[in-house]
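Trainee: Submitted below is the structure of interest, expressed as structure tokens.
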Amino acid sequence: MSSPDGPAATGSTPSAWTPSARQRERDAYRRTRARRSTAVALLSTVTLAVVAVLGVRASPGWPRVRASFFDLDVALASLPAVLEGLWLNVRVMAVCAVVIVVVALALALARTVRGPAFLPLRLLATAYVDVFRGLPLILVLLLVGFGLPGLRLQGVPTDAVVLGGLALVLTYSAYVAEVFRAGIESVHPSQVAAARSLGLTRGQAMRHVVLPQAVRRVVPPLMNDLVSLSKDSGLISILGAIDAVRAAQIATAEYANFTPYVVAGVLFVLITIPLARVTDVLARRSGWLGAQSGLAGAGAMR
Amino acid sequence: MRTTRLTALAAVAALALAACAPVDEATAPADTATDGALPTLTDGVLTVATSNPAYEPWVVGDDPSSGEGFEAAVAYAVAAELGFAAEDVTWVEASFDQIIAPGAKSFDIAVNQVSISPERAENLDFSSPYYETTQAVVTLEGSPAAGATSLADLAEVRIGAMVGTTSLTAAQDAIDPTTAVSAFNDNDQVKQALTSGLVDAVVVDLPTALYITAAELDGGVLLGQLPDSAGGDTFGLVLDQGSPLTPAVTAAVDALREDGTLAALEEEWLTDAAGAPVLE
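In order, the protein sequences belong to chains A and B.
So the number in the working numbering is just where the residue sits in the first sequence, counting from 1, plus 2.
So the number in the working numbering is just where the residue sits in the second sequence, counting from 1, plus 939.
Following this line, the structure appears as structure tokens:
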């Protein structure tokens, strides 16, 4: 396998580098392997899909199921109401997400703050997280939604969306606080030691050294919580607000047909998938993603 | 090596899917018909579904098997008309979504204040109506809605109703309030929303309205009925689409209406028990 056609052999144009014959051979081999895996993957996926579709279509109840879940007329009739409900979901999610991040970060900081004087703060934050992470969201919604206004106190809101949002913030900030705490505690102690040795106070070290590293580490789990929130924002419907799921439920009862639920499901997936892609792009632009592959010897992670 | 294993895995998964897909409804109702008896789910037993919890005055004490309450009594009367003794009636629970779901049903008939509508009739079988009602507005003393005497007065207040009911659509259509009608899971939550101040007034069907103002709400006020341009809601027994029982059940309900049984049950459970005469 000696290669007389490489530029190195002639020596006339040493600047134009081309891969050696052996390298080209390797590349070609890798390409065939890649093509083969793609073909196999495609084949197995298509086979599975075909078998699944044939299996479902062959089942005796299929015509009935298709009429009940995939009725185009009902889908179109219910779409405006479901879309209007979805707009409520989006607004609730956007506002709650911001409040949750602020509250959760405060909780996480309260739990990680040192010093005996701060014991009550640490205890309070720990108790809060334990209680609201343990309580099912639906219970918090029912208790806050029907209980708080039931007290008939001055200034307590009686708006389903506000009360529901309050319950979402109470529950989700407990989850997100733990995510933040994990991120803060994952920053190596040497970072704090270095910051302190440079003369930064504890607060400055937290703000300028620990938090920036902690936040970028917890972006993926935060994303999970945001997607969860987008779906759970629909639970405020038990307090009377008409969100996408509730609008679909109303249409389902009206037509005695489940298609509106499918419509709502498709719409939810359509908003959460772009959400994930946008975060990926943001993270890549900030250099947060794929940082590991830059390490010597790590290569492209597979 | 890895791809071979993956292919094998895919093949196994595909086979498993194929094996479980075409399960036939082995117990199709028609197969169980013997010697001219009605082809019910279980031979000689009529399985009736209603919601859990079931509300008064439709079912007394959430126990339909007592036969007390209008719908429980109607179910036993229909069963008797069909030739089933009281002990041959079995009760099961079913939500509205379970009642309308395609596929094998857990009941022969469902009795749950389901209003008959052309849209629903495309996916369900209904018996002929066993009751006709209108929708009524209930509020509390001291509520912003308490002084309302017309639909226009109600347009400014917050209205609640149970999700998926004709009460909800009637409230939206007839009152057309400026804030959208709030939908709640069941009539317990509708009442709770009213007493908590989440809503100022609620819309329920007339018998329920009479019952909750008289017996359940502290300071409840029945404002009046919604105008009923569509001729009122009619409740029908629900059967699976294309059920072989539908003609017999419809005939039974018709017979009960003609011999005055339905009117008598209505008198007993809806008018007298609610402690208030039907408003004209």
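By construction, the Cβ of each residue, glycine as well, lies at the ideal position given by its N, Cα and C atoms.
According to DSSP, is residue 1014 of chain B helix, strand or coil?
Mentor: Numbered from its first residue, the second sequence carries residue 1014 of chain B at position 75. Note: residue 1014 of chain B maps to helix in three-state DSSP.
Trainee: Quick one: is the Cβ of residue 1138 of chain B within less than 7 Å of any heavy atom of the ligand NAP?
Mentor: For the structure depicted, the ligand NAP is absent and the ligand set is empty, with no information on it obtainable.
Trainee: Output, in chain order, the set of chain B residues within a Cβ distance shorter than 7 Å of residue 72 of chain A.
Mentor: As a first step, residue 72 of chain A is located in the first sequence; it is residue number 70 there, counting from the start. Within chain B, no residue comes near residue 72 of chain A; the closest Cβ sits about 11 Å away, beyond 7 Å.
Trainee: Please report whether the beta-carbon of residue 1137 of chain B lies at a distance below 8 Å from any beta-carbon of chain A.
Mentor: As a first step, residue 1137 of chain B is located in the second sequence; it is residue number 198 there, counting from the start. Yes, residue 1137 of chain B lies at the interface with chain A (some Cβ there is under 8 Å from its Cβ).
Trainee: Going along the chain, which residues of the segment 162-178 of chain A sit with their C-beta nearer than 9 Å to a C-beta in chain B?
Mentor: The segment 162-178 of chain A vs chain B, Cβ under 9 Å: 162 and 165.
Trainee: So, is residue 187 of chain A buried or exposed, given that buried needs 16 or more other C-beta atoms within 10 angstroms?
Mentor: Within the first sequence, numbered from 1, the residue matching residue 187 of chain A stands at position 185. Classification of residue 187 of chain A: exposed, given that the 10 Å Cβ count is below 16.
Trainee: Within 10 angstroms of its Cβ, does residue 1030 of chain B collect 16 or more other Cβ (buried), or is it exposed?
Mentor: Working through the second sequence from its first residue, we reach residue 1030 of chain B at position 91. Buried: at least 16 other Cβ atoms inside 10 Å.
Trainee: Could you tell me if residue 288 of chain A is buried or exposed, where buried requires 16 or more neighbouring beta carbons within 10 angstroms of its beta carbon?
Mentor: For the purposes of this step, residue 288 of chain A is taken as the residue at position 286 of the first sequence. Result: exposed.
Trainee: Considering only C-alpha positions, which residue in the set A/217, A/19, A/50 and A/241 is nearest to residue 1121 of chain B?
Mentor: Position 182 of the second sequence holds residue 1121 of chain B. Selected option, being the one with the closest Cα: A/241.
Trainee: When the distance is taken between beta carbons, is residue 1174 of chain B closer than 8 Å to residue 1068 of chain B?
Mentor: As a working note, residue 1068 of chain B is residue 129 in the second sequence. As a working note, residue 1174 of chain B is residue 235 in the second sequence. Yes, Cβ-Cβ distance for residue 1068 of chain B and residue 1174 of chain B is below 8 Å.
Trainee: Between which two residues does the beta strand (DSSP E) containing residue 1078 of chain B stretch?
Mentor: In the second sequence, counting from the first residue as 1, residue 1078 of chain B sits at position 139. Run containing residue 1078 of chain B: 1074-1079, per the beta strand (DSSP E) assignment.
Trainee: Tell me whether the segment 1097-1111 of chain B and the segment 1134-1141 of chain B touch, counting them as touching only if at least three CB pairs, one residue from each stretch, are closer than 8 Å.
Mentor: yes
Trainee: For residue 278 of chain A, which residues of its own chain have a beta-carbon under 8 Å away from its beta-carbon, when the five flanking residues on both sides are left out?
Mentor: Position 276 of the first sequence holds residue 278 of chain A. Excluding positions up to five away in sequence, the list reads 225 and 229.
Trainee: Taking the alpha helix (DSSP H) that residue 75 of chain A falls in, what are its first and last residues?
Mentor: As a working mapping, residue 75 of chain A is identified with position 73 in the first sequence. First-last of the alpha helix (DSSP H) with residue 75 of chain A: 74-114.
Trainee: Taking the alpha carbon of residue 1061 of chain B as the point to measure from, which residue in B/1082, B/1118, B/1177 and B/1209 has its own alpha carbon closest?
Mentor: As a working mapping, residue 1061 of chain B is identified with position 122 in the second sequence. In this structure, B/1177 is the residue among B/1082, B/1118, B/1177 and B/1209 with its C-alpha nearest to the C-alpha of residue 1061 of chain B.
Trainee: Threshold first: 4 residues or longer. Then list the alpha helix (DSSP H) segments lying entirely within the segment 147-211 of chain A, N to C.
Mentor: 162-188, 191-199 and 204-207
Trainee: Count the other CB atoms, across all protein chains shown, that sit within 10 Å of the CB of residue 148 of chain A; report buried if there are 16 or more and exposed otherwise.
Mentor: Residue numbering aside, residue 148 of chain A sits at position 146 when the first sequence is read from its first letter. It counts as buried.
Trainee: Would you mind reading off the limits of the alpha helix (DSSP H) that contains residue 234 of chain A?
Mentor: The residue given as residue 234 of chain A occupies position 232 in the first sequence. From DSSP, the alpha helix (DSSP H) with residue 234 of chain A extends over 221-234.
Trainee: Using a Cβ-Cβ cutoff of 8 Å, what residues of the segment 218-234 of chain A are near chain B? List them in chain order.
Mentor: none
Trainee: If we count the other Cβ atoms within 10 Å of its Cβ and call it buried at 16 or more, is residue 11 of chain A buried or exposed?
Mentor: Working through the first sequence from its first residue, we reach residue 11 of chain A at position 9. In this predicted model, residue 11 of chain A has a pLDDT of only 47, less than 50, meaning its place in the structure is not dependable; the value taken from the coordinates is given anyway. Per the 10 Å Cβ criterion, exposed.
Trainee: Take residue 1181 of chain B as the anchor and find which of B/987, B/1114, B/984 and B/1066 has the nearest alpha-carbon.
Mentor: For the purposes of this step, residue 1181 of chain B is identified with residue 242 of the second sequence, where counting begins at 1. Of B/987, B/1114, B/984 and B/1066, the residue nearest in Cα terms is B/1066.
Trainee: Just verifying my parser: in three-state terms, what is the DSSP assignment at residue 969 of chain B?
Mentor: Taking the first residue of the second sequence as 1, we reach residue 969 of chain B at position 30. With a pLDDT of 43 at residue 969 of chain B, under the threshold of 50, the modelled position of that residue is not reliable, and the figure given next carries that caveat. In the structure shown, residue 969 of chain B sits in a helix (DSSP, three-state: H, G or I).
Trainee: When you compare the CB of residue 259 of chain A with every CB in chain B, is at least one pair closer than 8 Å?
Mentor: The sequence position of residue 259 of chain A within the first sequence is 257, counting from 1. It does: the Cβ of residue 259 of chain A has a partner Cβ on chain B nearer than 8 Å.
Trainee: Taking Cβ-Cβ distances shorter than 7 Å, what residues in chain A pair up with residue 1131 of chain B?
Mentor: The residue you call residue 1131 of chain B lines up with position 192 of the second sequence. 148, listed in chain order.
Trainee: If residue 94 of chain A and residue 235 of chain A are in contact, beta carbons under 8 Å, what's the gap, nearest whole angstrom?
Mentor: Translated into the one-based positions of the first sequence, residue 94 of chain A becomes position 92. Translated into the one-based positions of the first sequence, residue 235 of chain A becomes position 233. At roughly 4 Å, the Cβ-Cβ gap stays under 8 Å, so residue 94 of chain A and residue 235 of chain A are in contact.
Trainee: Examine chain A for any beta-carbon lying closer than 8 Å to the beta-carbon of residue 1134 of chain B, and answer yes or no.
Mentor: Translated into positions along the second sequence, residue 1134 of chain B becomes position 195. Chain A contact via Cβ: present.
Trainee: Note down, in chain order, all residues in the segment 131-160 of chain A with a beta-carbon under 7 Å from any beta-carbon belonging to chain B.
Mentor: 148, 151, 152, 154 and 160
Trainee: What did DSSP end up calling residue 1172 of chain B once you bin it into helix, strand or coil?
Mentor: Your numbering for residue 1172 of chain B matches position 233 in the second sequence. Residue 1172 of chain B falls in the strand class under three-state DSSP.
Trainee: By the 8 Å beta-carbon criterion, what residues does the segment 1103-1116 of chain B contribute toward chain A?
Mentor: 1103, 1104, 1107 and 1108
Trainee: At what residues does the alpha helix (DSSP H) containing residue 64 of chain A begin and finish?
Mentor: As a first step, residue 64 of chain A must be located in the first sequence, where it is residue number 62. Per DSSP, residue 64 of chain A is one residue of the alpha helix (DSSP H) stretching across 64-71.
Trainee: Give the interface partners of residue 1124 of chain B over in chain A, defined as CB-CB distance under 7 Å, in chain order.
Mentor: Taking the second sequence and counting its residues from 1, the one referred to as residue 1124 of chain B is at position 185. 240, listed in chain order.
Trainee: If we count the other Cβ atoms within 10 Å of its Cβ and call it buried at 16 or more, is residue 1146 of chain B buried or exposed?
Mentor: On the second sequence, position 207 is the one that residue 1146 of chain B refers to. Burial call: buried.
Trainee: Report back the beta-carbon spacing between residue 171 of chain A and residue 98 of chain A to the nearest angstrom; my notes put them in contact at under 8 Å.
Mentor: Here the question's residue 171 of chain A lines up with position 169 in the first sequence. Here the question's residue 98 of chain A lines up with position 96 in the first sequence. Going by Cβ atoms, the distance from residue 171 of chain A to residue 98 of chain A rounds to 6 Å, so yes, they are a contact pair.
Trainee: Decide if residue 84 of chain A is buried, meaning its Cβ has at least 16 other Cβ atoms within 10 Å, or exposed.
Mentor: On the first sequence, position 82 is the one that residue 84 of chain A refers to. Buried, by the Cβ-count rule.
Trainee: Cβ of residue 264 of chain A less than 8 Å from any chain B Cβ?
Mentor: Indexing the first sequence from 1 puts residue 264 of chain A at position 262. Cβ-Cβ to chain B under 8 Å: no for residue 264 of chain A.
Trainee: What does a CB cutoff of less than 6 Å around residue 213 of chain A pick up in its chain, not counting 5 residues either side in sequence?
Mentor: Your numbering for residue 213 of chain A matches position 211 in the first sequence. Nothing meets the Cβ criterion.
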